[in-house]
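Since the structure comes first, as structure tokens, the remarks are kept for the end.
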Amino acid sequence: MAPYLTSPLESVDSALTSATKPAPALVAPEPEHCPGPESTLAGQGDACAGCPNQAICASAPKGPDPDIPLITQRLAGISHKILVLSGKGGVGKSTFTTMLAHAFASNPSNTVGIMDTDICGPSIPKMMGVESETIHVTSTGWEPVWVSDNLGVMSVQFMLPNRDDAVIWRGAKKNGLIKQFLKDVEWGAMDYLVIDTPPGTSDEHLSVNGYLKESGVDGAVLVTTPQEVALLDVRKEIDFCRKAGIRILGLVENMSGFVCPKCTHTSEIFRATTGGGRRLAKEMGIPFLGAVPLDSRIGMACDFGESFFDSFPDSPTCGALKEVVRNVGSELGVKAEDVLGEE
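If you count the sequence shown from 1, position 272 lands on 283 in the numbering used here, and the numbers rise without skipping.
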């Protein structure tokens, strides 16, 4: 039998609200088409009939999460909170997240944090060179792992007993950990918190946006590549942002060309068959933040946990990335000289 969507479907507002509700203690695994124990349809959907958890889910508290005010208080010292999204995997979203954070942190006056919400595929610690670190717990909460004096990271990778252990979690456990990242981590006073997300529109996106409703998200940066197959999914991501009330700071076209490591000439390898990110941004009425060419040395910098800006400052990709970062700062209302500092 072909898979099907449960009916009726929740609205986006309902899904965002249910993602932040406390999960009830279940007595059996969730069935295949379970609407979710935190959902407003919990215990009432067609898939709930005959489920051992039906009565538990139906009687679970339906009010707002009491931890939301605590999250708001914890994040009160953060000036700007930025989501990095991509409709499709493999477009360089996490790589862009690390370079955006490195760029902000290149100004010593800025304090920057990265929150890795890709629970099942955490790659940020490897790219930042802190893969083997663990979380330190203090009297005030969990301490971020500091890459440098002004750049900190939090990820599930720091909690794994072994580096290659798989994280096989359902939505409720993912939501719980994301809440801990927001409520229990001592982020302190920061200029930027960059939140890396998995591809698509999943539990992680709903949870982050739901938990940050009160404290506020400044906006989302969408990452794509020039091909139409990637742009198709970005259109869905734009629709999600609009329905969820997330401001779109702009669209970045990644891998828009290839930088030759010998002569630094930029060649087009992923042809924009339908106009690429620039045309899509114009079509959808969102800012186009810039096009970033692919430099093979980015992979090298990520593998060794180094800043691409520090390792290869003369690459054309560095110039393109800095222009994108300036545009992000402009959308946030930050003065140009305060984004990257003196160059």
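Every residue, glycine too, gets a C-beta built ideally from N, C-alpha and C.
Apart from the 5 residues on each side of it in sequence, glutamate 239 sits with its Cβ closer than 6 Å to the Cβ of Thr284, Thr285 in its chain, given in chain order. If you draw a straight line from the Cα of proline 119 to the Cα of methionine 311, it is about 25 Å long. When the beta-carbon positions are compared, glycine 230 and leucine 86 stay at least 9 Å from each other.
Straight across, the Cα-Cα distance linking alanine 347 with arginine 174 is about 39 Å. Taken through DSSP and simplified to helix, strand or coil, isoleucine 206 comes out as strand. Going by C-alpha positions, leucine 243 is about 11 Å away from proline 237. Between leucine 96 and threonine 208, the CB-CB gap stays under 9 Å.
Of the residues Asp306, Ser322, Gly301, the one whose Cα lies closest to the Cα of glutamate 334 is Gly301. Residues Pro272 of the same chain have their beta carbon placed closer than 7 Å to that of serine 307, with the five preceding and five following residues left out of the count. Cβ contact annotation for phenylalanine 169 (same chain, cutoff 7 Å, sequence separation greater than five): Pro136, Glu144, Thr145, Ile146, Val156, in chain order. According to the DSSP assignment, histidine 113 belongs to the alpha helix (DSSP H) that extends over 104–116. Taking C-alpha positions only, glycine 340 is separated from valine 232 by approximately 11 Å. An exposed status is given to cysteine 131, since fewer than 16 other beta-carbon atoms sit within 10 Å of its beta-carbon. DSSP, reduced to helix, strand and coil, places valine 345 outside both helices and strands of the structure shown, so it counts as coil. Boundaries of the alpha helix (DSSP H) harbouring threonine 83: 79–85, taken from the DSSP string.
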